[in-house]
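Working notes, beginning with the structure itself.
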Ligand code: NAI
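In this note's numbering, the protein residues as written are 1340 to 1684.
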């Protein structure tokens, strides 16, 4: 039996993660959820926004499905783990669990309006360094600076991860993204590291793009790209751009993966404006759970959920308002569950 830690999170988190649970249950996969509370609700109810019980559960399961957690604004309660302080629960988990790569697929689904067809891109964003190491300071009242760190070890690790993922999933081409014409040392090292690793995988196509040129090409002919590997900052930006190519953040899943454990979460936030009203689109968290099922070796169940979701989207009726339908979160979930039950393997 698989054991998975589930963090329902804040806002629409409990609704969309319940949807994913119902759908996984309908596949018959032998999986038990350990529910662990974290986020603003956990913090507001007198506890810690990221209590030790979460880490204890993850130490047992190694796998997390996380709903969106609301970031406390200002200094209300910084997320502290040991002597380390983080701006949000999501960032604290990614850092503490050493999740070095963020995998963000962006592909067209039938029935989801977008400007392009045939987009099917997987983005591998380096998750541990670059400008996000938090070394930023005011030099004086009028000058601020931030330090960008790129290491050979992290750049090779994320590139190797990308190729291994491609090998498992039948992908063909990896494009390394950089700005080494200007940032000759940092991005130069990223590019060189990616090129070195590419030599170990001669069966795959490999090329490189300067990040600004890549952005332009992505919005002109996104269907020509397969997989992208990027340093942290470019990965953050380009992955949202790619989500926009296929219908927006509401349909964008994600995975954060490390050597020891993995965390799967939708890209969108806790949507407090629609929380508790049965309006949230559960698709992004469902697709994140599909990624989780593949990761734990349950590819058949993952394929079945993918197919059921595609069918419900194509029919276009039992989908949430943001997708042009009239169903609520529960109605859309029921339609997917019904489809799974009608097509038992
Ligand atoms: P948001 O993604 O929560 O909402 C932006 C807009 O998209 C809202 O109008 C919302 O109603 C809509 N929306 C989002 N997800 C939807 C869904 N599944 N179905 C239908 N509509 C959806 O972004 P926002 O408002 O910037 O952030 C709200 C809170 O979420 C903040 O506290 C933020 O820090 C947190 N957040 C947490 C993340 C995480 O835990 N990984 C990621 C992003 C934001």
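Glycine residues also receive a C-beta, built at the ideal position from the N, C-alpha and C atoms.
For this session: If I'm right that residue 1511 touches residue 1543 with Cβ under 8 Å, what's the distance once you round it to whole angstroms?
Result: The Cβ separation is near 6 Å, so the contact holds.
Exercise. With distances taken from CA atoms, which of 1489, 1540 and 1644 is nearest residue 1524?
Worked result: 1489
Exercise. Is the distance from the Cβ of residue 1496 to the Cβ of residue 1574 below 8 Å?
Worked result: Taking 8 Å as the Cβ cut-off, residue 1496 and residue 1574 do not qualify as a contacting pair.
Problem set entry | Status (buried if at least 16 other CB within 10 Å, exposed otherwise) for residue 1551 | exposed
Exercise. Taking Cβ positions, are residue 1406 and residue 1624 nearer each other than 8 Å?
Worked result: yes
For this session: Consider the C-beta atom of residue 1591 and the heavy atoms of the ligand NAI; say whether any pair is separated by less than 7 Å.
Result: no
For this session: Evaluate residue 1520 with the Cβ neighbour count: other Cβ atoms within 10 Å of its Cβ, from every protein chain shown; 16 or more gives buried, anything less gives exposed.
Result: exposed
Exercise. Is residue 1611 near the ligand NAI, judged by its Cβ being under 7 Å from some heavy atom?
Worked result: Yes.
For this session: Would you check if the distance between the CB atom of residue 1618 and the CB atom of residue 1667 is smaller than 8 Å?
Result: yes
For this session: Would you give the residue range spanned by the alpha helix (DSSP H) that residue 1571 belongs to?
Result: 1571–1584
Problem set entry | Alpha carbon of residue 1685 to alpha carbon of residue 1374, nearest angstrom | Since the first and last residues shown for the chain are 1340 and 1684, residue 1685 lies out of range.
For this session: Could you name the residues that DSSP lists as bridge partners for residue 1405?
Result: 1346 and 1604
For this session: Report the rounded CA-to-CA distance for residue 1673 versus residue 1651, giving the unit in angstroms.
Result: 10 Å
Exercise. Should residue 1608 be listed as close to the ligand NAI, given that the test is whether its C-beta is under 7 Å from any heavy atom?
Worked result: yes
For this session: Using only alpha-carbon positions, find the residue among 1590, 1585 and 1472 that is nearest to residue 1710.
Result: An answer regarding residue 1710 cannot be provided, because it is not within the stretch 1340 to 1684 covered by the chain.
For this session: Report back the beta-carbon spacing between residue 1591 and residue 1603 to the nearest angstrom; my notes put them in contact at under 8 Å.
Result: That pair is no contact at about 12 Å.
Exercise. Within the present structure, is the beta-carbon of residue 1650 separated from the nearest heavy atom of the ligand NAI by less than 7 Å?
Worked result: no
For this session: Give a single yes or no on whether residue 1409 has its beta carbon closer than 7 Å to a heavy atom of the ligand NAI.
Result: Answer for residue 1409: yes, Cβ within range of the ligand NAI.
Exercise. Can residue 1355 be considered in contact with the ligand NAI, in the sense that its beta carbon sits closer than 7 Å to one or more heavy atoms?
Worked result: yes
Exercise. By Cβ distance, which residues of its chain are closer than 7 Å to residue 1485, with the 5 residues on each side in sequence left out?
Worked result: 1470, 1474 and 1475
Exercise. DSSP on residue 1552, reduced to helix/strand/coil?
Worked result: helix
For this session: Could you tell me whether any non-hydrogen atom of the ligand NAI is closer than 7 Å to the CB of residue 1604?
Result: yes
Exercise. Are residue 1498 and residue 1467 close, meaning C-beta to C-beta below 8 Å?
Worked result: no
Problem set entry | Residues near residue 1649 by beta carbon distance below 7 Å, same chain, minus five either side | 1448 and 1449
Exercise. So residue 1373 is in the beta strand (DSSP E); what residue range does that whole segment cover?
Worked result: Note, residue 1373: beta strand (DSSP E), 1370–1374.
Exercise. Whose C-alpha, out of 1504, 1518 and 1482, is nearest the C-alpha of residue 1540?
Worked result: 1504
For this session: Consider the C-beta atom of residue 1436 and the heavy atoms of the ligand NAI; say whether any pair is separated by less than 7 Å.
Result: no
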